[in-house]
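Scroll down for the structure; my scribbles are underneath it.
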Amino acid sequence: MNRLLEIGFQPAGHWFLAEGKLKFDLTRNATQTNILYAFVCDAEVMYVGKTIRTLAARMAGYKTPGKTQTTNINNNQRILELLEHGAVIEILALPDNGLLHYGKFHINLAAALEDDIIRKLDPLWNGGKPEKITDSETESPHILQELTSTPAETFSFILQPTYYRSGFFNVGVSSQKYIGADGETIEIFLGQAISPILGTINRRANTNGTPRIMGGTAVRNWFQKNAKAMDRIGVQVLSPNSIRLSING
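Each residue of the sequence shown is one higher than the last, beginning at 8 in our numbering.
Have a look at this one:
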């Protein structure tokens, strides 16, 4: 696992059982596309794969595999077996930041690294081969509908002078249920940025327990460059740990 962490993989979530059914929880990169991921058990890399879909959509394929999805079925059973014996299975992820180029051409980081990672680490579940997903291995229609048909939650806030100066903002009572737990990391996409900055969810700062999103210098600078105090800022909730900010005007 350390060899993956050294090249930029980060903990993205974990697998768990709920009433005997396989579930996953992603605390980061849930909406990221074009991403490498790995399943790790007791610090041992069990599987490495890639997806051009969102990480959440790819994990959903393992959670609820279709009848002809051999890769999904096999990993579903392997994960279930380990969890039933008390193991902990982490999900690590390495997103493509879009910065790797050869001349004018973008190099797909996931595609470029997957083969060599598998060759060197030889994860047990890969069997020495990279993940090859045919049409029959893609997510079944009912899963894709489940993931894409629910619109993202949105809310807005007034850019108070303290927010403007410090790079944080409070989430109102009516919207706080969409945001993750205290102390968790949150991805913050600023405007149309394709890569997020990382902030923190603080539910201790406000006496009523509503979240304060701590974005620090990067969010402060974005506020001051794109808005003025008392402007309205829009928030699109991509997941409990991923949001996008926009200037509502």
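Where is the CB? At the ideal position from N, CA and C, for every residue including glycine.
In this text the structure is predicted, and so the values were computed from the model without any measurement.
{"Asked": "Neighbour-count burial assignment, Arg251, 16 or more Cβ in a 10 Å radius", "Found": "buried"}
{"Asked": "Other residues of its chain near Gln183: CB distance less than 7 Å, five sequence neighbours each side excluded", "Found": "Thr217 and Pro218"}
{"Asked": "N-terminal and C-terminal residue of the beta strand (DSSP E) that Met221 is part of", "Found": "Arg219 to Met221"}
{"Asked": "Close Cβ partners of Lys30 (< 6 Å) along its chain, the five nearest in sequence each way excluded", "Found": "Phe23"}
{"Asked": "Reduced DSSP category for Ile86 - H, G, I as helix; E, B as strand; rest coil", "Found": "helix"}
{"Asked": "Rounded straight-line distance, which links the Cα of Asn83 to that of Asn215", "Found": "40 Å"}
{"Asked": "Other residues of its chain near Glu144: CB distance less than 6 Å, five sequence neighbours each side excluded", "Found": "Low confidence applies here, because Glu144 scores a pLDDT of 42, under 50, leaving its location unreliable; read the following figure in that light. Hits under 6 Å: Gln76 and Thr78."}
{"Asked": "Runs of beta strand (DSSP E) wholly within the stretch 21-47 (minimum 3 residues, chain order)", "Found": "28-33"}
{"Asked": "Inter-residue CB distance, Asn248 and Gly187 (contact presumed, cutoff 8 Å)", "Found": "5 Å"}
{"Asked": "For Gln231, the three-state DSSP class (helix, strand or coil)", "Found": "helix"}
{"Asked": "Leu205, DSSP secondary structure in three states", "Found": "strand"}
{"Asked": "Same chain only: Cβ atoms within 8 Å of Asp238, ignoring 5 sequence neighbours per side", "Found": "Ile165, Leu166, Ile254, Asn255 and Gly256"}
{"Asked": "Proximity of Phe230 and Tyr171 at Cβ, strictly below 7 Å", "Found": "yes"}
{"Asked": "Residue burial classification, Glu180 (beta-carbon count within 10 angstroms, cutoff 16)", "Found": "Contrary to the premise, residue 180 reads as Val rather than Glu in this sequence. Exposed, by the Cβ-count rule."}
{"Asked": "DSSP bridge partner residues for Ile130 (one or two, in chain order)", "Found": "Residue 130 is actually Pro in this sequence, not Ile. DSSP lists no partner for Pro130."}
{"Asked": "Proximity to Glu194 [Cα-Cα], best of Leu205, Leu33 and Ala19", "Found": "Leu205"}
{"Asked": "Identity of the residues DSSP links to Tyr54 by a beta bridge", "Found": "Phe46"}
{"Asked": "Those residues which DSSP pairs with Val242 across a bridge", "Found": "Phe162 and Leu252"}
{"Asked": "Reference Gly15, options Leu131, Ser173 and Leu101, closest by Cα", "Found": "Leu101"}
{"Asked": "Asn81 versus Thr34: straight-line alpha-carbon distance, rounded", "Found": "25 Å"}
{"Asked": "Residue range of the unbroken alpha helix (DSSP H) whose run includes Glu13", "Found": "Asn9 to Glu13"}
{"Asked": "Proximity test, Cβ basis, 7 Å: Leu87 and chain C", "Found": "Absent from the structure: chain C. Only one protein chain is present."}
{"Asked": "Assigned exposure category for Leu245 - 16 Cβ within 10 Å defines buried", "Found": "buried"}
{"Asked": "Alpha-carbon to alpha-carbon, Gly68 and Phe46", "Found": "14 Å"}
{"Asked": "Gln183, DSSP secondary structure in three states", "Found": "helix"}
{"Asked": "Among Val226, Leu62 and Lys28, nearest to Pro18 - alpha-carbon criterion", "Found": "Leu62"}
{"Asked": "Continuous beta strand (DSSP E) stretch holding Ala100: start and end", "Found": "Ile96 to Pro102"}
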